[in-house]
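Enquirer: Before I ask anything, here is the structure I am working with.
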Amino acid sequence: MPQGRRMGRRPEVTSTDTTPSPGGLLLPPEEGAKMYLQRVARLALADAPGDPLYSLGQAPHTLTVIHHHAGRCDQSRKRIAEHAANREAWTQLLEAVGFSVRLGRSCGVIGTLETPPTEAGVEQYGEVQDFTEQVTFPAHGVGGLVQKSFGHTGFRGCVVTSSTGQQAASTKTADQGVVSLALHWGLPHHVTIVRS
């Protein structure tokens, strides 16, 4: 980030409070965090029986939760009964934080969590020739800068920096830079961009 252009520091987020935030989300922003659905799943399944593995599903807003073990899921009556009990517990834990849950493969579940879009306010920052936009997520009190980068061959992409000065993932376009900032802060990456 250029010298002398530091945005205001965001308040420290140390709470694991799970009451909805002003932006309608269960968790507050967390710099350098994983994707929002993974954060919610980590919280919900922290003490879940069966030590489940979870990952983002292929469909939007979905999470797949499966058992972590060697061998087949149906190799014994004990394992079948254990998996049924674990699926029931996982379903209750995920539903408690807002997921709708259905059975997945033989020993897993699929959770869907519809999150509100993250609204991003975007405006020019600094001189026009700096090609920099300031991004704020007003409902969450965080943001950053997206600066277009040029080289000898022309436009190279965008450098993305959080409001605390940390680098986020670089992108090819300014709109992708806004999404990169949302992901950097652990907010849902379904972003509504409002330019002023």
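Numbering (the numbering used here), first residue to last: 1 to 196.
The beta-carbon is built from N, C-alpha and C at its ideal position, and this holds for glycine as well.
Remember, it's a predicted structure, so these values are computed and weren't measured experimentally.
Looking only at its chain, what residues have a beta carbon closer than 8 Å to the beta carbon of phenylalanine 150, apart from the 5 residues adjacent to it on each side?
Expert: Excluding positions up to five away in sequence, the list reads Phe131 and Arg156.
Enquirer: With a floor of 3 residues, list each beta strand (DSSP E) that falls wholly inside the segment 127-165, ordered by position along the chain.
Expert: Runs of the beta strand (DSSP E) inside the segment 127-165: 132-137, 142-151 and 154-162.
Enquirer: Taking C-alpha atoms, which residue in Gly50, His61 and Ala120 lies nearest to valine 194?
Expert: Minimum Cα distance to valine 194 is reached at Ala120.
Enquirer: Who are the Cβ neighbours of arginine 102 in its own chain at under 6 Å, not counting the five residues just before and after it?
Expert: Same-chain partners within the cutoff: Ile110.
Enquirer: Assign glycine 71 to one of two classes, buried (16 or more other C-beta atoms within 10 Å of its C-beta) or exposed (fewer than that).
Expert: It counts as exposed.
Enquirer: Rank Val122, Gln129 and Val159 by C-alpha distance to the C-alpha of glycine 143 and give the top, closest one.
Expert: Among Val122, Gln129 and Val159, the Cα nearest to that of glycine 143 belongs to Val122.
Enquirer: Closer than 6 Å by C-beta to alanine 41: which residues in its own chain qualify, once you throw out the five before and the five after it? Chain order, please.
Expert: Contacts found: Tyr54 and Leu63.
Enquirer: Can you name, in chain order, every residue of its own chain whose Cβ lies under 6 Å from the Cβ of proline 49, other than the five neighbours on each side?
Expert: Here the set comprises Asn86 and Ala89.
Enquirer: Out of curiosity, what's the CA-to-CA distance linking lysine 172 and cysteine 73?
Expert: Using only the alpha carbons, I get a separation of about 43 Å.
Enquirer: Pick out whichever of Ser76, Gln58, His61 and Gln38 has its Cα sitting closest to the Cα of proline 52.
Expert: When each option's Cα is compared against that of proline 52, the closest is Gln38.
Enquirer: Checking the sheet assignment: what are the DSSP bridge partners for alanine 120?
Expert: DSSP, once it has assigned bridges, lists Ile193 as partnering alanine 120.
Enquirer: With 16 other CB atoms within 10 Å as the buried threshold, where does valine 179 fall?
Expert: Counting Cβ neighbours within 10 Å, valine 179 comes out buried, since at least 16 surround it.
Enquirer: Could you have a look at tryptophan 185 and say whether DSSP puts it in helix, strand or coil?
Expert: Three-state result, tryptophan 185: coil.
Enquirer: Do threonine 164 and phenylalanine 137 count as a contact pair if the criterion is CB distance below 8 Å?
Expert: Contact: no.
Enquirer: Indicate whether at least one CB of chain B lies closer than 8 Å to the CB of proline 52.
Expert: Note that chain B does not occur in the displayed structure, where there is just one protein chain.
Enquirer: Mind checking which residues open and close the beta strand (DSSP E) that includes tyrosine 54?
Expert: Run containing tyrosine 54: 53-56, per the beta strand (DSSP E) assignment.
Enquirer: Looking at the unbroken beta strand (DSSP E) that takes in leucine 94, where does it start and where does it end?
Expert: It is not in any beta strand (DSSP E) - leucine 94 instead sits in the alpha helix (DSSP H) that spans 77-96.
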